[in-house]
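For the sequence shown, this note's numbering begins at 202 and goes up steadily by one.
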Amino acid sequence: MFQSASNLVKRHKRKILVATGLVAGGYFVIDYVKNKFFELQDRLATERQARENLKRRFEQNQEDATFTIMALLPSLASQIMEKYPVEKITQELQAKRTERIATTAAIANEAVTNGTPSLNDSVQTLPSETSGNTPIPANSSSPAVANEGNTTNASTGPSAPASLTGSWSVTEDAAPVVKKTKTELWRDLKIRSIARAMTLVYCSALLVFFTRLQLNILGRKNYVASVIHMAESRTKQQKLEQEENAYGAYISEPTEEDLVKLALEEEEVNINRMYLTFSWWLLNKGWAALSERIEDAVTDVFDSVNPRTDLSLAEISDLIGQVQFKIDHPISVLESNNFINNLLPPTELESYVLSQAPVNPDNLSTLRSADNDENLVTPPLRRLLDETYDFIESPNAIDVIQRLVHSGLTVFVESISTIYPPGGADAEPSKVKLASILANVTRQGHALAAGKPLDPNEYILAMINVPELDGFSALVYSNFGTSSE
């Protein structure tokens, strides 16, 4: 039996060897393919997890940016509102109207009581009228008009009341107060109300853009640092497990390398804070220069438009568009259309801006070169600033800023449209006096300055939802090739 089996094996030895090789080879191939499949599956899962983590971090970064924008907006808006006290001008116009009505009423009362007196008679009858017959409002201008026209008669007529003579002497002794005419006040109201609203729109757009840019640069930087830290932690953990298996469990003390890394992390936190401090320039200096540029453009366009002019919605939109064009395309070669001078300070003022930071410069001594002890801009911070400059000067940034401004002005014009009466399809476009439009513009100034960190106003909401802004933010966040490490 064994002999027959041996003979069978000898006869089919070649076939058996081939079959065995095929089976063994097939087993190894299947095992290799299976291992590769599991590796590919693990790699895809890791990549998917990394993408989800990156997406989650990116979205959180944009939410943090919105919160930061609304936290900084009150500081910016309050300065703009203070520079353009439109409400004060409105009060002066109302006071002049009240004064005119009171003067007209006083003259009418005189005409009813005493007939139609002459100017001299009006002055001579002031004491009896003020004693109780015909009360004259305190803000009435008729006594001043009478005395300006007949100073001699007033001095030779009946003695005036003590209160009147007392106020007269103060007026003569005090420095003359130049009051603006009604026409001048209306011009100021027209220019300042529109300039204030346009300044708030532009500064809000720049604040949204610059905050997004800063936080996405830092977000990407922190993401890269976290990935490196995770890889190093995993390697260190594996090394500790190997040592634990070899030598038993023990408590390891921080090494010198760990202490150096901890110190560098603290330095990175301080650098990030100092980098964020550069928003101080826009909030305190940059907006002021921009407001002058905007006010000049508003004056060029609206100075010749009378407040009594009837304007259709298309006409007021066209005027606002002309202002925007003048702002975005300055004639002066000293002004750029990318607003970089409004967003970042000149190089010689960078240390001054950093002096506003709540960071002790002594903490950065290890990163400061010996030849540059007085310069607070350390090499890591300089890399962040250089990257910021590059992004601001890119064509994409100019397009994003213009679209942010456009979205804000769209909300602005839509709010103005609410004061226009609805018209039929074939009807003439309805028109509203510019004076009525200015009242709405004044209210929009407060709407632009409103909002809380968790409750953005409609202008900020419109800006943060601009698709080009999200695309630009994603470009900045994913620009790993120029990471500022």
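Ideal Cβ placement from N, Cα and C applies to all residues, glycine included.
At the 8 Å Cβ level, is threonine 611 part of the contact set with chain B, yes or no? Among the chains in the structure shown there is no chain B, since it carries only a single protein chain.
At the level of alpha carbons, what is the spacing between asparagine 473 and aspartate 671? 22 Å
In three-state DSSP terms, what is leucine 274? helix
Which of the three DSSP states is assigned to alanine 571 in this structure? At alanine 571 the pLDDT is 38, less than 50, meaning the model places this residue with poor confidence; the figure from the coordinates comes in the next sentence. Helix.
For lysine 634: DSSP bridge partner residues: Asp511
Please name the residue or residues paired with lysine 653 in a DSSP beta bridge. Asp656
Within the same chain, show all residues whose beta-carbon is closer than 7 Å to that of tyrosine 621, passing over the 5 residues directly before and after it, in chain order. Leu514, Ser631, Val633
State yes or no: is the C-beta of leucine 179 within less than 8 Å of the C-beta of asparagine 543? No statement about residue 179 is possible, as the shown extent of the chain runs from 202 to 686 and does not include it.
Distance check for glutamine 645 and proline 275, CA to CA, integer angstroms please. 15 Å
Which residues bound the alpha helix (DSSP H) around isoleucine 620? Run containing isoleucine 620: none; DSSP gives neither H nor E here.
Can you give me the C-alpha to C-alpha distance between asparagine 540 and arginine 257, rounded to a whole angstrom? Note on identity: in this sequence residue 540 is phenylalanine, with asparagine being the wrong assignment. Rounded to the nearest angstrom, the two C-alpha atoms are 31 Å apart.
Throw me the rounded Cβ distance for the isoleucine 528 and tyrosine 403 pair, which I believe falls under 8 Å. 7 Å
Beta-carbon proximity of isoleucine 521 to leucine 605, cut-off 8 Å: no
Which residue marks the beginning of the alpha helix (DSSP H) containing glycine 672, and which one marks its end? 668 to 678
Please tell me whether methionine 145 and valine 601 are closer than 8 Å, where the distance is taken between their beta carbons. This structure does not reach residue 145, given that the chain is present from 202 up to 686, and the question cannot be answered.
Check for me: the alpha helix (DSSP H) holding tyrosine 285 runs from which residue to which? Here tyrosine 285 belongs to no alpha helix (DSSP H), and DSSP marks it neither H nor E.
Could you check what DSSP says for proline 531 in three-state terms: helix, strand or coil? coil
So for threonine 185, helix, strand or coil by DSSP? As displayed, the chain neither begins before 202 nor continues past 686, which places residue 185 out of reach and without an answer.
Lysine 391 beta carbon less than 8 Å from that of phenylalanine 259: no
For histidine 213, the three-state DSSP class (helix, strand or coil): coil
DSSP three-state label for valine 578, please. coil
Kindly indicate which three-state DSSP category leucine 596 falls into: helix, strand or coil? The displayed chain sequence assigns proline, not leucine, to residue 596. DSSP places proline 596 in helix when its eight states are reduced to three.
Just mark valine 234 as buried or exposed, buried being the case when its beta carbon has 16 or more other beta carbons within 10 Å. exposed
Work out the CA separation of arginine 252 and glycine 227 for me, nearest whole Å. 37 Å
Under the three-state reduction of DSSP, which class applies to valine 219: helix, strand or coil? helix
Relative to the C-alpha of tyrosine 678, which candidate in Arg413, Thr510, Asn485, Thr643 has its C-alpha closest? Arg413
Just mark leucine 245 as buried or exposed, buried being the case when its beta carbon has 16 or more other beta carbons within 10 Å. exposed
When we look at the beta-carbon of phenylalanine 238 and count the other beta-carbons within 10 Å, is it buried (16 or more) or exposed? exposed
Between the Cα of alanine 498 and those of Met282, Pro531, Phe592, spot the shortest distance and give me the residue it belongs to. Pro531
Name the two residues that bound the continuous alpha helix (DSSP H) containing asparagine 543. 541 to 544
Under a three-way DSSP split, which group does serine 556 fall into? coil
With glutamate 493 as the anchor, note down where its alpha helix (DSSP H) starts and where it stops. 488 to 503
To the nearest angstrom, report how far apart serine 205 and arginine 212 are at their CA atoms. 10 Å
Counted within 10 angstroms of its Cβ, other Cβ atoms place valine 687 as buried (16 or more) or exposed: Shown here, the chain extends from 202 to 686; a query on residue 687 therefore has no answer.
From this set, Phe410, Val230, Ala648, which residue's C-alpha is nearest valine 612's C-alpha? Ala648
Straight-line gap, leucine 550 to leucine 273 (C-alpha atoms, nearest Å): 22 Å
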